[in-house]
Each structure stands twice: as C-alpha cells, then as structure tokens.
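Note sheet for the following structure.
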Amino acid sequence: MNKRRTLAFVFAAVSWAGFAQESADATVAPAPEVKLSYLDSIKASFVRHPEMARIDSLWMKEMGNEDLFADMQSDLAKINPDDEVADFSFNTELFKKRLEKMDARSPFHIEYNKGLENIVKAYLKNRPRSYERLMAISEYYFPMFEEYLAKYNVPIEIKYLAVIESALNPRAKSHVGATGLWQFMYPTGKQYNLEVNSYVDERCDPLKATEAACQYLSSLYNIFGDWDLVLASYNAGPGNVTKAIRRSGEYRNYWNIRKNLPKETQAYNPTFLATMYIYEYAKEHGIKAKRAPLTYFETDTVMVKRQMSFKQIASVLDVPVSQLQFLNPIYKLDVIPYQADKAHYLRLPKDKLGLFVSNEAAVYAYIDHEADLREKPYFKAAPEREEAYAATTPSKKSKKKTNSKTQSYTVKRGDNLGAISNKYGVSVAELKQWNKIKGNNIQVGQKLKIVKTITVTEPVVEEAIAEAPKKPETKTTAKDAKAKTADKDNTEDAIALNTAEAEEAIAAVEAKPAIVKKQKDISTYEDARMYIVQKGDSLFSIAKKHPGVTVENLKNWNKINGNSITPGMKLKVEETN
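In terms of full-length UniProt numbering, the sequence shown opens at residue 1 and continues consecutively.
Here it is in structure tokens:
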C-alpha cells in the first residue's frame, strides 16, 4: 500500500515538473529582431584596436574652462604691484635667493623688487587652486610650445606668456577681439598668415598660432634686443614701448621705463615673472598640480577628404563632442570644411585616430549617406532630370493621362510608417489617409493599402495624325474614282474613314516610348549626360550614383587630374553598357 502511494506521489511530481517546464517553454516569447540603422551597421563592421584611457566629460570641461581666462584678465586689469599684501606669511630672503637661481638660467632680467614680491604673494594667497588647474592643462600644451620655441630660438620661458594671455584656453576671446592661446588681434593674425573665415579661425589653432607667436616675438627681439621689452611690446605694442623709452630719456630697462607704460603693461612683466616663479616653486608653496589624462604626444592628425561635422565624427567614433572641440578649436562652427586647394586636419587621440584610419572607407560612406539624406534645391537638379521634367510637361498639343495602381503591403516586425513611406516614395500623411490610421501606430501583420499614381503625357489626335507614317500612293482606277466621288457626299462614311485613320495613327505613336529625346539633343551631347556637382559631392559618390561608372571613367571623360571637384562644376557622365 505504501509503495503504491509512493509511486503515485513520484508520478504526480514528475508530471507536474514536466507540465511546469512545458508551460514555461510555452510562455517564453522569441527575442524580437533588432533592426540595425545604417550607422549601427557601419560601426558593426569597424576593425577595432584595444582602447586607451578616455578623457571623461568633467576633464574636458576643465580643459576649456572660461573662468580661468576671466580671472587672469581681471587680475591683469586690477592688480597693482605697489599694493602691499596683508596677512600672508612670506620669506623674503628665501624668495630673493630663488630669483637669483632663476636669473642665472634665463635670458630675462629677473631681479628682486617689491612690486614682484607683492604680485607673487597676491597669487599665492588668492589663486593657488587656479594654478593647480593651469598646471594640469600645461601638461598638454607646454610640449607643443617648447617644440616651436626651440625651432625659432625663443627663450623656453616664453611658454608662461600663454598662461597670462589666455589661461591656456585656445578659444579665449578678449573684450577687444584678441583670440586664441596667444591672443592675436585680427590684423596681426593676418600679417602672420592666420586665416579667419566663416568655418575656420587659425588664431585658435594651437600649432599655427604658436608658430606665428614665435615669429612675432622674434621680430620684436630684432627691434629691441631685450626680452623684457619684447614682453612689454607684446602687451602694449612696439609703438607704446618706444614712446615710453623717449619719455624716460636714456633709460632702456623695463623697470626704469615702467612708469611711462600703459597701466596694464606696468603689471604685465611682473605678472609674467610671478607666474614663472610659481610654476618653478609650486611644490615648495604647497601647490599640487593636477595630472592630465591626455598629453599632446598621445594625439595625432589625419587629413579629411569630405566635409564633416563634429556630431557625425562623434557618432561614428564614439568620441564626446566636447573632446573634439578641445582638440580641434580652430573650427568655429564644429564643422571641418573640405577644400580641394587647402588641406584641413582632424586631431584625435591616437586610439581613435587608428580606428578612423583603419575604417576610413566606412566613415566616408556614412558621411556620404548623411549627405544624400539632405534635401537638395530643386533648381539644381541634374540636367537629365530637368530634361525628363520638360519632356513630361504638357504642351499646347498634348494631354495628361493619370492612372492609379493600388497594391497591398503587410507590416513586418520593426516597420514604421516612415520606413514604409520611404520605401514606396509616398508620404506618411498619404499612408494614414489611405488606411484611415490615426496616430503613428501600426501592427505586425496589418495590411496597408498603397496607391501609386502614374501620369503619362500623350499627344492629341491631331499631333498623332501628323506624325503617323503616310501610306504609299497607289494608282486610282476608274472604278475607285467613281466610288470615291459617290462617297464624297456621304458625311457618315467620311467621319468613319477619318476616325479609322486617326486610330491607326494613334496606335503608331503609342508604339513609341512615352518620352522621346530629340535627335538634335542626342547629337549635341553625343549620348552623354551632364551632372552638376553639389556641395559635399566627391568623384566616388558621383560614380556610385551612376551604375557602371567608375572614378577613373569620370576623370577620363572630364580630363580631371587628381580628385578635386568644386560645387557647380558640370561633369560629363557617359552611358555605359
């Protein structure tokens, strides 16, 4: 009895377990099919290399922080070397000894004076955290500066000049319009070949602006022969310095002519020397510089072959836009332009640069895809489209015939009204109207009605009769002439005869194509089509639009050397078999 109960219990348990498993299997829905976008499919094909450390968003915000620049500009305008700093402990004798060491290894005249001590004390008291942040940013820029300073034989200490000029913000702009790391005014920038246009401001380019600054500083040294006066000239202009020298009599030392310089310039050299001192002896004063996660040596550039935006680059390479802005401050609108006669470069961290170069064709394919989605002005359509439009436009001797064709479409998983409308060349509003859909929701398996309207331009009967082939003349017998004379007065027979001839003529015309290209047009273009280059076009993208056409074909037909084309250019695109 007990055995029977035990077996019954085991059987029930096994049955329940099987039923539960079966129920679980029955309730598990299949995973939905994920439809990849064009961008996702491009990125899925990327050849990826091991990732290096990324710059986080907080650090990027720090690198381009405006408040450091504002503070530095405010200090230059307000600070007075003659103001004593109270309630701050400072060892003057030790300070003098350190200045002597700095003077021994620098071409600047670094000597103790009370004004310099007051500025150092003011910065150590009020701006220690600012200098910690500046020193972190310096790790990125100073190696770049030192390379060009050595090239032009400019003192290495000049790198501190960019700290007081812009607080190392490449997009810094003063109230008078001075711009970039070295704060070039527009005329001075143009004098040293720094281009400024709607897309680009090369005063913000760290490399080009640094080279221009080195050239400018070298020219000032050739005038004055003294680096202290060069600093004063950089701030006030050579004219104001020469005026101060004249007003001071025979004196040519900065400290002796200082009282005759503009007020801001009176504090400029002491501020420069104070910044140099704080950088040299930061640890001794308890200033702990933050570390930069990215240095100049960990970045590199690639020349772009299409116009592209920072947003597109960020989408393809998974790079924050803020990082692209920091590394490429030259581009005012966050767009890298493309010019056939001038190269433009994109700077990236080396790991992202490797990803870009390894998948360059895929990146440009995505850029071309984005360009194709932009609406084009109708009046700039290709000539063949204009010819087709002109051919189908009714004339005085033509008429329109409209045919509607209705077809059915079954909604699939992942479909939406926008995708379906694009597929069939209709609008979303039309889809909703035809299928009485409110809102934007559609269901898998739902049948949608799609109406396709075809308009054909046909010649009228008179034109058809005129173009119809004439029948060959035949000899008329006396019997035929008599019959024709008898029918002449019969109106009904005459109408029937004319109608039959018209129908025969119309049938002959309808046998021809609906749109016929005139013979003189064919001979003029020699079976060729003309394509007008649009903004963002390349030989590669144009060839892709014409099946069977290659880039080399386009070059040969249009006698193009290289890959340069410009918007508005007419390209010959021949028919290929």
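Glycine residues also receive a C-beta, built at the ideal position from the N, C-alpha and C atoms.
Fair warning: this is a prediction, and the values are worked out from it, not measured in the lab.
Buried or exposed by the 16-neighbour rule on C-beta atoms within 10 Å, applied to residue i
{"i": "F69", "result": "buried"}
{"i": "I137", "result": "buried"}
{"i": "N359", "result": "buried"}
{"i": "E84", "result": "exposed"}
{"i": "T271", "result": "buried"}
{"i": "L333", "result": "exposed"}
{"i": "I450", "result": "buried"}
{"i": "A122", "result": "buried"}
{"i": "F142", "result": "buried"}
{"i": "L94", "result": "exposed"}
{"i": "K370", "result": "Here residue 370 turns out to be Glu, not Lys, going by the sequence shown. The residue in question, E370, is buried, as its Cβ has 16 or more Cβ neighbours within 10 Å."}
{"i": "F88", "result": "exposed"}
{"i": "T265", "result": "buried"}
{"i": "M72", "result": "buried"}
{"i": "D67", "result": "exposed"}
{"i": "V357", "result": "exposed"}
{"i": "K405", "result": "exposed"}
{"i": "M135", "result": "buried"}
{"i": "I223", "result": "exposed"}
{"i": "S538", "result": "buried"}
{"i": "M303", "result": "exposed"}
Where residue i sits in the DSSP three-state scheme
{"i": "R246", "result": "helix"}
{"i": "E195", "result": "coil"}
{"i": "L572", "result": "The amino acid occupying residue 572 in the given sequence is Lys; Leu does not appear at that position. Here K572 sits in strand by DSSP."}
{"i": "F88", "result": "coil"}
{"i": "L168", "result": "coil"}
{"i": "K96", "result": "helix"}
{"i": "L155", "result": "Sequence check: residue 155 is Pro here, not Leu. Correct three-state label for P155: coil."}
{"i": "P363", "result": "Sequence inspection shows Val at residue 363; the Pro mentioned does not correspond to that position. Helix at V363."}
{"i": "T210", "result": "helix"}
{"i": "D201", "result": "strand"}
{"i": "F108", "result": "coil"}
{"i": "Y531", "result": "strand"}
{"i": "G237", "result": "coil"}
{"i": "P128", "result": "helix"}
{"i": "D75", "result": "helix"}
{"i": "N113", "result": "coil"}
{"i": "E139", "result": "helix"}
{"i": "E147", "result": "helix"}
{"i": "R252", "result": "coil"}
{"i": "P567", "result": "coil"}
{"i": "G354", "result": "helix"}
{"i": "K376", "result": "coil"}
{"i": "D228", "result": "helix"}
{"i": "G536", "result": "coil"}
{"i": "D25", "result": "Residue confidence is low: D25 scores 46 on pLDDT, short of 50, so the model does not pin down where it sits. No coordinate-derived value is stated."}
7 Å Cβ cutoff, residue i in contact with chain C
{"i": "H369", "result": "The structure shown contains no chain C, having only a single protein chain."}
Any non-hydrogen atom of the ligand COA within 6 Å of residue i CB
{"i": "P155", "result": "By its list of ligands, the structure shown contains no ligand whatsoever, and the ligand COA lies outside what it can speak to."}
Beta bridge counterpart(s) of residue i as assigned by DSSP
{"i": "Q339", "result": "K342"}
{"i": "V451", "result": "T406"}
{"i": "D82", "result": "Answer by DSSP bridge pairing: none, since D82 is not bridged."}
{"i": "L348", "result": "D300"}
{"i": "T179", "result": "K173, F184"}
Contained alpha helix (DSSP H) runs [length at least 4] in the segment 255 to 336, N- to C-terminal order: 263 to 280, 310 to 317, 321 to 327
Inter-stretch contact at 8 Å, needing at least 3 Cβ pairs: the segment 111 to 119 / the segment 166 to 178: no
Cβ pair count under 8 Å reaching 3, the segment 269 to 280 against the segment 151 to 169: With contact defined as three or more Cβ pairs closer than 8 Å, the segment 269 to 280 and the segment 151 to 169 are in contact.
Contact between the segment 143 to 153 and the segment 204 to 218 (3+ Cβ pairs under 8 Å): yes
Unbroken stretches of the alpha helix (DSSP H), 4 residues or longer, contained in the segment 538 to 564: 539 to 545, 551 to 558
The segment 342 to 358 contacting the segment 282 to 301, beta-carbon criterion three pairs below 8 Å: Yes: at least three Cβ pairs fall under 8 Å.
Three-pair Cβ contact test at 8 Å for the segment 440 to 449 versus the segment 406 to 419: yes
Whole runs of the alpha helix (DSSP H) within the UniProt domain "LysM" (407 to 450), excluding any shorter than 4 residues: Qualifying alpha helix (DSSP H) stretches, in chain order: 417 to 424, 428 to 435.
Any 3 or more C-beta pairs closer than 8 Å across the segment 176 to 187 and the segment 243 to 257: no
Sufficient close CB pairs (3 or more, under 8 Å) joining the segment 306 to 324 to the segment 151 to 161: no
Three CB pairs or more closer than 8 Å across the segment 337 to 344 and the segment 551 to 566: yes
Touch test, the segment 192 to 208 against the segment 222 to 231, Cβ-Cβ under 8 Å, three pairs minimum: No contact exists between the segment 192 to 208 and the segment 222 to 231.
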